[in-house]
Amino acid sequence: MNLLIQDELYLCFKELQRYLSSHILQQLAQETGFVKRKS
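Each residue of the sequence shown is one higher than the one before, starting from 1008 at the first, in the numbering used here.
And the structure:
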């Protein structure tokens, strides 16, 4: 993945973390296919 895109995603994730709980973020990531399973 392009480094610039990774940086942008990281910033977006940090912004989301400020407003959403970790459980909701984890659920969202699984529903969108960003994360396939928990480790």
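Even glycine gets a Cβ: it sits at the ideal position worked out from N, Cα and C.
>> Tell me which residue opens and which closes the alpha helix (DSSP H) that LEU1023 is part of.
In response: Walking along the sequence shown from the start, residue 1023 turns up at place 16. First-last of the alpha helix (DSSP H) with LEU1023: 1010-1026.
> What distance in whole Å lies between the Cβ atoms of LEU1023 and LEU1032, which are believed to be in contact at a cut-off of 8 Å?
Replying inline: Counting from one through the sequence shown, the residue named residue 1032 turns up at place 25. Counting from one through the sequence shown, the residue named residue 1023 turns up at place 16. That belief holds up - the Cβ atoms of LEU1032 and LEU1023 are roughly 6 Å apart, short of 8 Å.
> Alpha carbon to alpha carbon, how far is PHE1020 from VAL1042?
Replying inline: Numbered from its first residue, the sequence shown carries residue 1020 at position 13. Numbered from its first residue, the sequence shown carries residue 1042 at position 35. Cα-Cα distance, rounded: 14 Å.
> What residues in its chain sit with their C-beta under 8 Å from that of GLN1013, if we drop five residues either side in the sequence?
Replying inline: Taking the sequence shown and counting its residues from 1, one reaches residue 1013 at position 6. Excluding sequence neighbours, GLN1013 sits near nothing in its chain.
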